[in-house]
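See below for the structure under consideration.
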Amino acid sequence: MNKRTHLLVSDQEKTCANGRKILAKCSDCGKWFASKENLKKHMDTHGETTKHKATHSETKRRKQTLSEHNEHKETHYETNRHKETYSETKKQKKTQSETKKQAKTRGETKKLTKTQSETKKQKTTYSETKKQTKTQSETKKQTKTQSETKKQTKTQSETKKQTKTHSETKKQKNTHSETKNQKKTHSETKTFSCPICNKTLLDKSSVGNHERMHSKSLQYVCKVCKKTFNVKSHHKAHELMCSGKGGLKCSTCSKMFTCASKLEAHERIHSGEKPFICDVCDKAYKTQEQRRDHQRTHTGERPYECSTCSKQFTRRNAFKIHEKTHMALRPFNCQICEKTFRDKRQLKTHAIIHSDSFPFSCKVCKKGFNHNSHCLSHERMCSGEAVYSCTICDKSFPNASSLKIHCRTHTVARPT
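First residue of the sequence shown: 1, per the UniProt record's numbering; consecutive thereafter.
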């Protein structure tokens, strides 16, 4: 047989190259062979491949069984671990519940100790309040004794002053007798008195100028600021100051004044000098007018009387402000909120509210205030100083407003 007979031929060519027919065909793969021997050999190869495939499938099955066995072992181990963790969590929960119970018992013991300490503190505070009340009563007694001693010293000083005044009256009588002798020699000189306030003046013109002060007629008007005056000399001095041609200037704040006496009184504000002392309580003031107004509080004199409601006043400024209440005039307007006021002083105190400045501060807690009165009342609250006392129960308060509220507790009527 030719060597080419062992070669594979296609399905269309069923004859070999030499012209001989192909005898056998493989039933598995459909290949044709020239001889049966070649077909057997080919079939043996198919058997080996099937065996190899069978062994390969068995190895796969073994591997799968091994993997399944390993997985089963792992699940078994995991279940054991889960059981262990579950038992451990149970133990932890038990320990946590025990710790909670212990914490509750500790909290209850702490509360008991706190209540015991609070009761002790209350006892101590109660004893301290008793001691404080005793000390307050003793201090009240001391203050009473001090006030009595002060009264005694005042009476002694008054007796001394009376002796001084008695000696001065003797001297005045002597001087009066001397002036009488002088008047006899100078009989031509005369004195004129004001019919309203009985003030003595030297000539008739000064009396006329003085009477205009009492009258409400304002004849002279400033051309610059439209301010009105009763006296012509006052009007001229003010007009020169407004126009810049005259006036006296303060060296500290550059404020202008019409006369030297007003400038001196103003400069005492910067220097803090208070040369005018009250004869009764030794209180010092910057001007003579302030001292005179203060002395009227001791004498009870109220020379200024309102013609509308007959209310009397010790100070001329307060009298003028009161007169404006009947006129219903509010010439001073706030530029921010357009609120009207009767005088310039009220406008100045109101303007501080709109500003962010706090010029007055508490000495104890350093809190800032717009007004000095608010700062003083707050300082009394911080320091515990009591200025206003109740006349019924002798209870003291730092503010007049708190005293008024307290006084309502003693009365039957309540505010609406």
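By construction, the Cβ of each residue, glycine as well, lies at the ideal position given by its N, Cα and C atoms. Keep in mind it's a predicted model, so treat the numbers as computed, not measured.
By the Cβ criterion, the region 313-325 is in contact with the region 289-297, since at least three pairs of Cβ atoms, one from each stretch, lie closer than 8 Å. The alpha carbon of Met327 has as its nearest neighbour, out of Lys223, Thr99 and Cys309, the alpha carbon of Cys309. Cβ-Cβ distances below 8 Å link Met381 to Pro398 and Asn399 in the same chain, with the five nearest sequence neighbours on each side left out; the list follows chain order.
If you compare the alpha carbons of Asn333, Lys140, His76 and Lys255 with that of Cys393, the shortest gap goes to Lys140. Lys40 and Thr49 have their C-alpha atoms some 14 Å from each other. Using a Cβ distance threshold of 7 Å, Asn372 and Phe358 do not count as a contacting pair. One alpha carbon belongs to Thr109, the other to Asn80, and they sit about 43 Å apart.
Under the three-state reduction of DSSP, Lys249 is assigned to strand. Taking C-beta separations shorter than 7 Å and ignoring five residues to either side along the sequence, the partners of His294 in its chain run Cys278, Lys283 and Tyr285, following chain order. Where Asn317 is concerned, the enclosing alpha helix (DSSP H) starts and stops at Arg316 to Met327. Three or more pairs of CB atoms, one per stretch, sit closer than 8 Å, so the region 253-262 contacts the region 232-242. Per the coordinates, the alpha-carbon of Arg296 lies some 33 Å from the alpha-carbon of Asn333. Leaving aside the five residues that flank Arg212 on each side, the residues in its chain whose CB is nearer than 7 Å to its CB run, in chain order, Asn230 and Val231. Counting C-beta atoms within 10 angstroms of its own C-beta, Asn38 has 16 or more neighbours from the protein chains shown and is therefore classed as buried. Pairing Leu376 with Tyr388 gives a Cβ-Cβ distance that is not under 7 Å. Of the residues Leu347, Val364, Lys363 and Phe369, the one whose Cα lies closest to the Cα of Asp356 is Phe369.
Under DSSP, no beta-bridge partner is assigned to Asn38.
Nearest in C-alpha terms to Gly47, of all of Ser87, Ser205 and Cys26, is Cys26. Residue state for Ile277 is assigned as strand, using DSSP reduced to three classes. Taking a 10 Å sphere around the C-beta of His378, we find 16 or more other C-beta atoms and assign the residue as buried.
Here Gln219 carries a coil assignment [DSSP, helix/strand/coil].
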